[in-house]
Amino acid sequence: MKLKMMRKIPSTEKLFEKEVKIKRIDIFDIDVKRIETFLREIPNDKKLEVINIADKAIEGKIIAFSSTELDYGNPINWHYNPNTKVEVSNTIKWYRIPDFDPKRGDIKIIWEASRFTHFIYFARAYLITKEKKYYKAFSEQLNSWIKENSYSYGVNYKCGQESTLRMINALMTYSVFKSYGFDNQTDKDNLRKLVEGSYKKVLSNFFYTHKCIKNNHTLSEITGLIIGAWCSDNKIKLKKAYCLLNKEIKKQFSNDGGYIQNSFNYQRLALQLMEFNLKISDKTKLSLTKENQNLIKNSAQMMYQLQNEAGDIPNRGANDGALIFPVTSCNYRDFRSVINSINCILENERLYQSGIYDEEILWFLDKKIENIPVKPIKRTSKAYSEAGIFSLRSNEDTFLMTILKNNKTRPSHMDQLHIDLWHKGINIFCDNGSYSYADQIGKKLALTSSHNTVKVNGVEQMNKKGAFLVTNWSKCKDVTFTHNSFRGTMISKNGYQHTRTIKKNKLGYSITDNIMGDGEFCEFYFHTPCDVKRNSSGFELYHEGDIICSVTTKGDVEVRKAYKSLYYLKKEEISCVTVKDIMSDNNCSMKFDIELKHP
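Sequential numbering of the sequence shown, starting at 1, is according to the UniProt record's numbering.
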């Protein structure tokens, strides 16, 4: 309604605008000497990696989505998609620019440069080298962005979340350089303009984000309200923003640690936002309630329980490659840094022995790392019933996770009763990820056949319209869990129900599936990065030439090519093992005995 009105009568945009006056920008204080000392001790190859990323970013070659180098030009063209070579005019009002445009391509690609994640690399490279060129790049690129992005024109003012993250990364980076004496009036003026435009965008957009989107965007934009209110020295709006944040946390985090979006990628994003909010509470003199701090701690500890020894976790749900604060030298798939940092902030305990992931603690907590005790938590079988996550763990490097829940908010992937199997550091049966929200491959990866579950007669678990709208949400019933077993039923509104029983045993796991409903056949899917060999009793999986798993079943086994995407806009070929069976009298039963090998 709002967009239609503004497109028809542009002058009505003023109805949604607020007057803003930025009075201060020093919201983020940081002990740079501790980080400098820490970076001095990291391995040389990690130092060189930070320096290389920063040097390329000076030239406009930026790591997008935590994995892909994209060339935005030098100087950077802030309105350009390097993949499609299409530039969006910066003289068009934001509301006239479509979210999806095949010619332009994925809008998120344009946004990546303006998110300013690479500014963090400028700061870290300076802390390692003390070379002024990194400050100069920060100052010049910030100045360029302000000149090329007038409020509220162009693609970079379409999203309040992007405006908030841009603001945070610029303010964090400014804090580092200011600590070393780089503090000129031009930088201050540009940062005030950046905060002003970002805050105005969030204010004008927040009703939609709060009432309609209800996910990590909402948390981001409330954080933007907090920053804007503090920088405006408006105590009334600041208190209101914290009230909103505390209410929203209770809506988005479940008591057992689950997150509203059914996505571990976005759960990490939400936790990093919480780190930032907990950090700036020293300045704002306001904070999160103890109840909400406990919800956040539980969320971090749930992710901890679902990790392998290298810090990776199942690639569950929507994944856009977001690592909003790249303040460590960990790989994007290593979740230890944020989990550890949250636990340190809220429990004053480290969950892991010392490692490069500890750097994140220093960015968000004013303590010496050596003064924080290490107290690992034993990983065991766990049921997170509110979150719909169930884990049967044999040991530190072997576990099976399955998913089953009654969705109270919009799901994004058809992953009910999907299984994720990890053994010896290998994600033997994996989730396929997202690839892109604007690509047909990405749309397919969200569907039932891209998860390790069953599809009945080619029918989806739920119905999907467009990139994000899911209808006819499935239900669950009769869920039981013990240390060694899981059983639960998914009811699809598309005419069938699926009961999956999983038991842990000495050899591995057994899975029994029972399907009731209309249909002629069932297809059971197992997506794997391993090499597959069919045999008379099922199939075997090999990793680097060694057998790692065998599956015994009576169904007809076929192997076809599939894709998985661990990083946004990156895909790799894997295998999908399909086991097919005929339904009889509206029933189908199938058993899979999974034997894990221990070379």
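Glycine included, every Cβ here is placed at the ideal spot set by N, Cα and C.
For clarity, every value in this text was computed on a predicted model and none was experimentally measured.
Hey, residue 502 and residue 511 are a contact pair by Cβ (cut 8 angstroms); roughly how many whole angstroms apart? On the sequence shown, residue 502 is found 502 positions in, with the first residue counted as 1. On the sequence shown, residue 511 is found 511 positions in, with the first residue counted as 1. Contact holds; Cβ gap of about 5 angstroms.
Could you tell me which of 437, 258, 421 sits nearest to residue 430, measuring between CA atoms? Position 430 of the sequence shown, counted from the first residue, corresponds to residue 430. When each option's Cα is compared against that of residue 430, the closest is 421.
Using the C-alpha atoms, what's the distance from residue 251 back to residue 587? If you number the sequence shown from 1, residue 587 lands on position 587. If you number the sequence shown from 1, residue 251 lands on position 251. Taking the straight line from one Cα to the other gives about 39 angstroms.
On the DSSP letters alone, give me the boundaries of the alpha helix (DSSP H) that residue 118 sits inside. Stepping through the sequence shown from its first residue, residue 118 is reached at position 118. It spans 117-129 - the alpha helix (DSSP H) in which residue 118 sits, taken as one unbroken run.
Residue span of the alpha helix (DSSP H) that contains residue 386, given as start and end: By one-based count along the sequence shown, residue 386 stands at place 386. No alpha helix (DSSP H) contains residue 386, which DSSP labels as neither H nor E.
In the DSSP output, which residue or residues are listed as bridge partners for residue 401? The residue you call residue 401 lines up with position 401 of the sequence shown. In the DSSP output, where bridge partners are listed per residue, residue 401 has 391, 420.
Locate the alpha helix (DSSP H) running through residue 167, then write down its first and last residues. As a position in the sequence shown, residue 167 is number 167, starting the count at 1. Note, residue 167: alpha helix (DSSP H), 160-179.
For residue 590, the first and last residue of its enclosing alpha helix (DSSP H): Here residue 590 refers to the residue found at position 590 of the sequence shown. Element bounds for residue 590: not the alpha helix (DSSP H) but the beta strand (DSSP E), 587-596.
Three-state secondary structure assigned by DSSP to residue 474: The sequence position of residue 474 within the sequence shown is 474, counting from 1. In the structure shown, residue 474 sits in coil (DSSP, three-state: anything other than H, G, I, E or B).
Between the alpha carbons of residue 341 and residue 327, how many angstroms are there, rounded? Here residue 341 is taken as the residue at index 341 of the sequence shown, counted from 1. Here residue 327 is taken as the residue at index 327 of the sequence shown, counted from 1. Answer to the nearest angstrom: the Cα atoms are 11 angstroms apart.
Beta-carbon within less than 6 angstroms of residue 579's beta-carbon, same chain only, minus the 5 sequence neighbours each way: which residues are those? For the purposes of this step, residue 579 is identified with residue 579 of the sequence shown, where counting begins at 1. Once the five neighbours on either side are set aside, the close Cβ partners of residue 579 are 524, 553, 555, 557.
Kindly indicate which residue of 145, 183, 55 has the alpha-carbon position closest to the one of residue 134. Translated into positions along the sequence shown, residue 134 becomes position 134. It is 55 whose Cα lies nearest to the Cα of residue 134.
Buried versus exposed, by CB contacts within 10 Å (16 or more), residue 159: The sequence position of residue 159 within the sequence shown is 159, counting from 1. Per the 10 Å Cβ criterion, buried.
Around the C-beta of residue 310, are 16 or more other C-beta atoms found within 10 angstroms, so that it is buried, or is it exposed? Taking the first residue of the sequence shown as position 1, residue 310 is located at position 310. Exposed.
Chain-order list of residues whose beta-carbon lies under 6 angstroms from that of residue 297 (same chain, five-residue window excluded): For this step, residue 297 is matched to residue 297 along the sequence shown. Excluding positions up to five away in sequence, the list reads 346.
In this structure, does DSSP put residue 569 in helix, strand or coil? By one-based count along the sequence shown, residue 569 stands at place 569. Correct three-state label for residue 569: coil.
Can you give the Cα-Cα distance for residue 9 and residue 192, rounded to whole angstroms? The sequence position of residue 9 within the sequence shown is 9, counting from 1. The sequence position of residue 192 within the sequence shown is 192, counting from 1. Spanning the two alpha carbons is a distance of roughly 30 angstroms.
Can you tell me the Cα-Cα spacing of residue 424 and residue 208, whole angstroms? Your numbering for residue 424 matches position 424 in the sequence shown. Your numbering for residue 208 matches position 208 in the sequence shown. One C-alpha to the other measures close to 45 angstroms.
Straight-line gap, residue 312 to residue 91 (C-alpha atoms, nearest Å): Reading the sequence shown from its first residue, position 312 is the one you call residue 312. Reading the sequence shown from its first residue, position 91 is the one you call residue 91. Roughly 43 angstroms between the two C-alpha positions.
Contact defined as beta carbons within less than 8 angstroms: I believe residue 504 pairs with residue 392. What is the distance between those atoms, to the nearest angstrom? Numbered from 1 along the sequence shown, position 504 holds the residue referred to as residue 504. Numbered from 1 along the sequence shown, position 392 holds the residue referred to as residue 392. So it is a contact: roughly 5 angstroms between Cβ atoms.
Mapping DSSP to helix, strand and coil, what is residue 316? As a working mapping, residue 316 is identified with position 316 in the sequence shown. Three-state DSSP puts residue 316 in coil, outside helix and strand.
Contacts around residue 461, its chain only, beta-carbon distance under 6 angstroms, and the 5 residues preceding and following it disregarded: By 1-based counting over the sequence shown, the position of residue 461 is 461. 414, 416, 448, 474, 492.
Determine the DSSP secondary structure at residue 480, reduced to helix, strand or coil. Indexing the sequence shown from 1 puts residue 480 at position 480. Strand at residue 480.
Could you check which residue in 596, 433, 481 has the C-alpha nearest to that of residue 320? As a working note, residue 320 is residue 320 in the sequence shown. Comparing Cα-Cα distances from residue 320 to each of 596, 433, 481, the minimum goes to 433.
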